[in-house]
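Asker:
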Amino acid sequence: MDSTAKKPVRVRFAPSPTGKLHVGGARTAIYNWAFARANNGTFILRIDDTDPTRSTEENTQIILRAMKWLGLDWDEGPDKGGDFGPYKQTDRLDIYKQAAQKLWDEGKAYPCFCTPEKLAADKKAAQERHDPFQGYQRTCRDIDPEEAKRRIEAGEPYTLRIKVPLDRGDVMVHDAVHGDVKFEAKDLDDFIIFRSDGTPTYNFATVVDDAMMGITHVIRGDDHLSNTPRQIMVYEALGAPVPTFAHISMILGPDGKKLSKRHGATSVEEYRDQGYLSDAFVNYLALLGWALDGDTTIIPRDVLASKFSLDHVSKNPATFDFKKLDWIQQQYVQAMSDEDFVFEVLLPELVEAGLEKEAEPEHKKDWYLLLASILKPRTTLTRDVVDKARFLYEGEDVTFDEKSVKKNLAKDYAAGALTAAREALAALGDGDAWKTDAINAALDPLPDAYGLNKRKFYGAVRVAECGNQVSPPLGESLELLGRNLTLARLDKALPLAVVPEV
Ligand code: GLU
0 MDSTAKKPVR VRFAPSPTGK LHVGGARTAI YNWAFARANN GTFILRIDDT
50 DPTRSTEENT QIILRAMKWL GLDWDEGPDK GGDFGPYKQT DRLDIYKQAA
100 QKLWDEGKAY PCFCTPEKLA ADKKAAQERH DPFQGYQRTC RDIDPEEAKR
150 RIEAGEPYTL RIKVPLDRGD VMVHDAVHGD VKFEAKDLDD FIIFRSDGTP
200 TYNFATVVDD AMMGITHVIR GDDHLSNTPR QIMVYEALGA PVPTFAHISM
250 ILGPDGKKLS KRHGATSVEE YRDQGYLSDA FVNYLALLGW ALDGDTTIIP
300 RDVLASKFSL DHVSKNPATF DFKKLDWIQQ QYVQAMSDED FVFEVLLPEL
350 VEAGLEKEAE PEHKKDWYLL LASILKPRTT LTRDVVDKAR FLYEGEDVTF
400 DEKSVKKNLA KDYAAGALTA AREALAALGD GDAWKTDAIN AALDPLPDAY
450 GLNKRKFYGA VRVAECGNQV SPPLGESLEL LGRNLTLARL DKALPLAVVP
500 EV
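So, in structure tokens, the structure goes:
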């Protein structure tokens, strides 16, 4: 094989199921996914659930659902399988044990019998004598293997520590985002790879997995940069090639502090439930720390999946900008065809809200298309459509907004306006005669004919029909309501059209 040939890209997203999928995690997942796709590589999803006290199966399911909603399809992982499984760390304990045993057998790891009290005392002493080396004092590094064996057989608790070569020197992390980052040898101690309870530590399990799964690029949050020199020690002990690291910056809230609940929604699910489109949300998150060029803001998924590169990832923290997210969302909503809007936004939301049944919508398709044409320009979040369309589903008894009634119906001119509108509209036929243009044409001459102010006239009719002074265009709304309901609502509103006595 040509020695200059590049290894096929294999990347992984490895969330710990200790909570929901956070926007920071989602962005890490997006970058891994996009990097894999842009390089014809493989995207692996691995569940890092080695912390049994904080990991739950429920969270795992929530994360998988969020990944699916984001549209980040993985090539190997839970639900999918692959040649390097299992893809859940708790199912890989034997693999970690074997890897640790091998290092132990090769003299690259050793058992440590120090109690927590002894470790604390050693640390305190190192601090007091201002020892430049403050880590584990390598107390058990040179215990005779026979003695160690005896103590283990006698039931003494022990951890397993990696034996960092004394002449290892400083560790340089070549990071694709941060450049070369040097970690000093004095900060590298013989750290624990297996705890006394028989579970592996994160720094060990992760490297065993990444090495065995052939991961070529580790793209993750920069809170893990400080773990990287230790992980490099594990790669070296295992004799495995060190992957390329890319540590991506934190996401901050608008006040410059780490993004948290205080700033607003932090989990992917909350954004989904609020009514963001997955495409818009992925586009927005991708831009938090990455740029296609200087100024392109709308980057569809397929462009992301072909153009993403690590050299355009910024090492500076990114600030979550809720306004920009909404702006991008609007661009995606407005770019949808009315038909897509019907099937991807309108119907799912109306069904979810219980306004529509999941019945075949085909017979009402024109009706939905008309509704889409007036709601789409007024939609940011998909669930906005529910409140805006509700008046169409209330039969003769529309819910009146009190303020709107007071301002538009409880007026001395209102009865005249409603009566005139009723007469003109009743003159229109049903069916094909009941169309927006005809409705508008019937209403248009009325203010002048009856000497009514236009705004007042339409305000009264609008509130009578829609219950609220803020509603979509009237002609279309009445077409959607249909002739019978339109007339019935005018009748029902008439009694409200009186000036309250003072
Ligand atoms: N499981 C780790 C986390 O959720 C990620 C580990 C890694 O990417 O190396 O933070």
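The sequence shown runs 0 to 501 under numbering that gives the first Met the number 0. Where is the CB? At the ideal position from N, CA and C, for every residue including glycine.
1. In the DSSP assignment, find the unbroken alpha helix (DSSP H) run with alanine 245 in it and report its ends.
2. List the DSSP bridge partners of alanine 108.
3. For the segment 441 to 493, list the alpha helix (DSSP H) runs that are entirely contained and at least 4 residues long, ordered along the chain.
4. Buried or exposed for alanine 448, please, with buried defined as at least 16 other CB atoms from any protein chain shown within 10 angstroms of its CB.
5. Going by C-alpha to C-alpha distance, which of Gly40, Val332, Val397 and Val10 sits closest to isoleucine 373?
6. Under the three-state reduction of DSSP, which class applies to valine 176: helix, strand or coil?
7. Please return the same chain residues whose Cβ sits closer than 8 Å to the Cβ of valine 460, not counting the five positions on each side in sequence.
8. For valine 10, name the three-state secondary structure that DSSP assigns.
9. Alpha carbon to alpha carbon, what distance is there between alanine 98 and tryptophan 505?
10. Between alanine 25 and the ligand GLU, is there a pair consisting of the residue's CB and a ligand heavy atom that are separated by less than 6 Å?
11. Which of helix, strand or coil does DSSP assign to lysine 406?
12. Quick check: threonine 379 and glutamine 329, are their CB atoms within less than 7 Å of each other?
13. Given a cut-off of 7 Å on the beta-carbon distance, is the pair phenylalanine 390 and alanine 371 in contact?
14. Using the beta-carbon count (16 or more within 10 Å), is glutamate 478 buried or exposed?
15. For aspartate 1, which residues in the same chain have their Cβ closer than 7 Å to its Cβ, ignoring the five residues on either side in sequence?
16. Proline 199 bridges to which residues according to DSSP?
17. Taking only three categories from DSSP, how would you classify serine 277?
18. Using a threshold of 7 Å, state whether the C-beta atoms of tyrosine 95 and valine 207 are closer than that.
19. What first and last residue would you give for the alpha helix (DSSP H) that runs through glycine 23?
20. Is it a yes or a no for the segment 57 to 65 touching the segment 16 to 31, going by three-plus beta-carbon pairs under 8 Å?
21. Of all the alpha helix (DSSP H) runs that stay within the bounds of the segment 269 to 350, which reach a length of 4 or more residues?
22. What does the Cβ neighbour count give for aspartate 90, buried or exposed, with the cut at 16 atoms within 10 Å?
23. The ligand GLU heavy atoms versus the CB of threonine 378: any closer than 6 Å?
24. Sorry if obvious, but does the Cβ on alanine 13 come closer than 6 Å to a heavy atom of the ligand GLU?
25. I need the straight-line Cα distance from leucine 286 to threonine 296, nearest angstrom please.
26. Does any heavy atom of the ligand GLU sit closer than 6 Å to the C-beta of arginine 219?
27. For the ligand GLU, is there a heavy atom less than 6 Å away from the beta-carbon of threonine 205?
28. Can you tell me the Cα-Cα spacing of glycine 263 and alanine 33, whole angstroms?
29. Reducing DSSP to helix, strand and coil, say where glutamate 155 ends up.
30. Three Cβ pairs or more, each shorter than 8 Å: is that satisfied between the segment 214 to 222 and the segment 143 to 158?
31. Is the shortest distance between the beta-carbon of phenylalanine 12 and the beta-carbons of chain C less than 7 Å?
32. Should aspartate 47 be listed as close to the ligand GLU, given that the test is whether its C-beta is under 6 Å from any heavy atom?
33. Beta-carbon within less than 8 Å of aspartate 78's beta-carbon, same chain only, minus the 5 sequence neighbours each way: which residues are those?
34. So, lysine 185 versus phenylalanine 244, is the Cβ gap smaller than 7 Å?
35. Note down, in chain order, each residue of its chain lying with its Cβ closer than 6 Å to the Cβ of asparagine 202, except the 5 sequence neighbours on either side.
36. Are glycine 23 and isoleucine 250 closer than 7 Å when you measure CB to CB?
Answerer: Looking at the atomic coordinates:
1. Element bounds for alanine 245: not the alpha helix (DSSP H) but the beta strand (DSSP E), 243 to 247.
2. According to DSSP, which records beta bridges pairwise, alanine 108 is partnered with Ile161.
3. 445 to 449, 453 to 465, 473 to 480 and 482 to 492
4. exposed
5. Restricting attention to Gly40, Val332, Val397 and Val10, the CA atom closest to the CA of isoleucine 373 is found in Val332.
6. coil
7. Ala416, Leu417, Ala420, Leu442, Leu473 and Leu489
8. strand
9. Residue numbering for the chain in the displayed model covers 0 to 501; residue 505 lies beyond these limits and cannot be assessed.
10. no
11. helix
12. yes
13. no
14. By the neighbour-count rule (16 or more Cβ atoms within 10 Å), glutamate 478 is buried.
15. For aspartate 1, the pLDDT reaches just 44, beneath the cut-off of 50, and the residue's location in the model is therefore unreliable, although a value from the coordinates is still provided. So no residue of the chain qualifies.
16. Note: proline 199 sits in a beta bridge opposite Phe193.
17. helix
18. yes
19. 22 to 37
20. yes
21. If you keep only unbroken alpha helix (DSSP H) runs of at least 4 residues inside the segment 269 to 350, you get 277 to 285, 300 to 306 and 321 to 334.
22. exposed
23. no
24. yes
25. Going by C-alpha positions, leucine 286 is about 8 Å away from threonine 296.
26. Of the heavy atoms belonging to the ligand GLU, at least one sits nearer than 6 Å to the Cβ of arginine 219.
27. yes
28. Computed Cα separation, rounded: 26 Å.
29. coil
30. With contact defined as three or more Cβ pairs closer than 8 Å, the segment 214 to 222 and the segment 143 to 158 are not in contact.
31. No chain C is part of this structure, which consists of one protein chain only.
32. Checking every heavy atom of the ligand GLU against the Cβ of aspartate 47, one is found closer than 6 Å.
33. Leu63
34. no
35. Asn226, Arg229 and Gln230
36. yes
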